[in-house]
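Heads up: the structure comes next, in structure tokens.
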RNA sequence: GGCGCUAUGGUCAAGAGGUUAAGACGCAGCCCUCUCAAGGCUGAAUCACGGGUUCAAUUCCCGUUAGCGCUACCA
């Protein structure tokens, strides 16, 4: 046994498996040419927001389009930051957008798939096996330095005006501990981390290729980075990334841009472990305007709760809207395609990594609302009804009960103006529907009326009586309007609006004014969807009731 | 401090060594219209700055600046 092997045994006497064991256990994937294996690897430290959802979406779509595999891996090695029910939240959020991983973790926190477990805290033995192997080979070593010692090193480097700050070269005091020293430290109960011995020197440069950004050149990593943390004996991101993405057969690592600088470090790890490098694709992260500074910045879980996908769900943005929006920020040529193919299935559009923007996009709520409005306008009334109901059952029980009680009526209501050549676009999210349509239902009609200026209240009873008398739901829209005109005409309202505008003093109003009176009586509002449709839906009896209520109110 | 990424209207952005510099959202106005939501039309608004290279640069190169990120036993 050489010194390295002795140290490895002192450190991890209970680790008896070898890398070969895991290489055999987790066989290489057998996939068709060109198939990509991608993963979404979130930490359960908070909710999923638009930024992580976008990354996840890229992973999902790239795997799907290449007939590959998309899996979910939970990166929970930071025990301090892990929150309760974080994993459930992630699984739930993805499910609400119909993103289902081919392999990963289900809602009961059970791993499924051939490379299980997919939760990193359950893979500790694997990491330690590889770490031990690196120590045996002299490529990694235990470090017993305390926080204070590390701080002192840093301070010294700053005093020496070193370009490079960190644990490396001469400053890496634990690099050459003897087995005896290690044993002593262990016996003394000193905590240790495992550090990877960087093969690079200050000044070294490395090249690599990024799928999105092309050739990259930057300083190599010279720090002896930690690959096993002291307290938990779990790896930080870098080592877990190398081991897991190798063992799980990831071909394409899509992650946000903040990782770009750590590629050199990751390359060293992969090389030392004898792994093939996956291809990297560093995508721009979604940004937000910071209200305090007036500047763009990376989206933050802490500061931007409204970008949480759970918030989208709560506000009642349909899954479809979010996906459509993600397509538009993923590849901007999607918008053109959508204009050319308004009714095509989005999945027919090919998302490419090359068409992605390199600079971070702001999350644009206006744009998102517009997208959502369009998506909803293309749904059938039945679908709108079902989705609103489903949403309301959780977020607005009163509304749900009313919708359920008046199912047929509600579907007809959502059908108003929906099947026109230019369908109505008034609903952005399900949350809006109660405000927009609540007055259709007697339970929610509040008896408040928006009033027009200069209303001829004395005419109302007359107008309403005649209207009810002549109302016929079998006629078409223009016949109906002729009827309204003639009522107005008899009472001194101009049948021609243009004519009225020329001589406003000669009339009490115009035919549209008559409509407005009826509209206010029936709905309490000056602005509503198509009046004739509403009247047909209400029927004479309901119209009579609402008109009487209005007349009683203004007396 | 060191390193890196990015830079076209308010926002998302297309674009090519020579263009009247697309389009979408938002904004304004007009039209259509029984109101609204739409829809149609029009408009305001952009190549960060300074040097090169070139007949010609917003486009290529180099700086500067700005924003963002990394520089942890966070991911």
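In the numbering used here, the protein residues as written are 3 to 557.
The C-beta atom is built at its ideal place from N, Cα and C for all residues, glycine as well.
Name the one or two DSSP bridge partners that residue i has.
i: residue 216; result: 212
i: residue 255; result: 282
i: residue 496; result: 512
i: residue 408; result: Its beta-bridge partners do not exist; DSSP assigns none.
i: residue 114; result: 106
i: residue 207; result: 221
i: residue 51; result: 310
Residue range of the beta strand (DSSP E) that residue i falls in?
i: residue 266; result: Run containing residue 266: none in the beta strand (DSSP E); it sits in the alpha helix (DSSP H), 265-275.
i: residue 420; result: Counting along the chain, residue 420 falls outside any beta strand (DSSP E), and DSSP gives it neither H nor E.
i: residue 40; result: 39-42
i: residue 197; result: 195-198
i: residue 174; result: Element bounds for residue 174: n/a, residue is neither H nor E.
i: residue 120; result: Where residue 120 is concerned, there is no enclosing beta strand (DSSP E), given that its DSSP letter is neither H nor E.
i: residue 144; result: 142-145
Enumerate in chain order the residues of its own chain whose CB-to-CB distance from residue i is below 8 Å, with the five nearest sequence positions on each side excluded.
i: residue 170; result: 200, 204, 224, 225 and 226
Please report the residue range of the alpha helix (DSSP H) in which residue i lies.
i: residue 228; result: No alpha helix (DSSP H) contains residue 228, which is instead part of the beta strand (DSSP E) from 228-230.
i: residue 483; result: 479-492
i: residue 242; result: 239-249
i: residue 537; result: 533-556
i: residue 336; result: 335-342
i: residue 131; result: 126-138
i: residue 314; result: 311-317
i: residue 331; result: 321-332
i: residue 156; result: 149-161
i: residue 261; result: Note, residue 261: premise wrong, no alpha helix (DSSP H); not H, not E.
i: residue 184; result: 181-189
i: residue 390; result: 383-397
i: residue 22; result: 21-27
i: residue 13; result: 5-13
If distances are taken between C-alpha atoms only, which option among the options comes closest to residue i?
i: residue 50; options: 313, 255, 149 and 400; result: 313
i: residue 222; options: 95, 166 and 368; result: 166
i: residue 287; options: 502, 55, 496 and 397; result: 55
i: residue 242; options: 501, 43 and 532; result: 43
i: residue 124; options: 435, 246 and 97; result: 246
i: residue 361; options: 544, 215 and 463; result: 215
i: residue 58; options: 46, 256 and 231; result: 256
i: residue 459; options: 110, 555 and 536; result: 555
i: residue 15; options: 23, 544, 131 and 48; result: 131
i: residue 309; options: 508, 370 and 436; result: 370
i: residue 453; options: 552, 505 and 469; result: 552
i: residue 484; options: 545, 116, 513 and 282; result: 513
i: residue 180; options: 8, 47, 423 and 285; result: 8
i: residue 545; options: 506, 501 and 441; result: 441
i: residue 489; options: 268, 472, 122 and 280; result: 472
i: residue 337; options: 316, 372 and 318; result: 372
i: residue 263; options: 211, 249 and 318; result: 211
i: residue 94; options: 111, 81 and 105; result: 111
i: residue 348; options: 83, 356 and 329; result: 329
i: residue 474; options: 510, 421 and 537; result: 537
i: residue 134; options: 37, 522 and 196; result: 196
i: residue 78; options: 70, 87 and 365; result: 87
i: residue 71; options: 40, 90 and 198; result: 40
i: residue 398; options: 377, 382 and 437; result: 437
Closer than 7 Å by C-beta to residue i: which residues in its own chain qualify, once you throw out the five before and the five after it? Chain order, please.
i: residue 324; result: 99 and 314
i: residue 491; result: 497
i: residue 174; result: 226
i: residue 404; result: 443, 445 and 446
i: residue 389; result: 320 and 432
i: residue 540; result: 524
i: residue 412; result: 387 and 405
i: residue 285; result: 57, 60, 214, 256, 258, 259 and 358
i: residue 486; result: 513, 516 and 517
i: residue 479; result: 534
Note down, in chain order, each residue of its chain lying with its Cβ closer than 6 Å to the Cβ of residue i, except the 5 sequence neighbours on either side.
i: residue 425; result: 379
i: residue 266; result: 208, 222 and 223
i: residue 466; result: 549
i: residue 353; result: 63, 332 and 333
i: residue 248; result: 277
- Please specify which runs of the beta strand (DSSP E), each continuous and at least 3 residues long, are wholly inside the stretch 65-96, giving them in chain order. 71-74
- Item | 4 or more residues per run - each alpha helix (DSSP H) lying fully within the stretch 422-463 | 435-439
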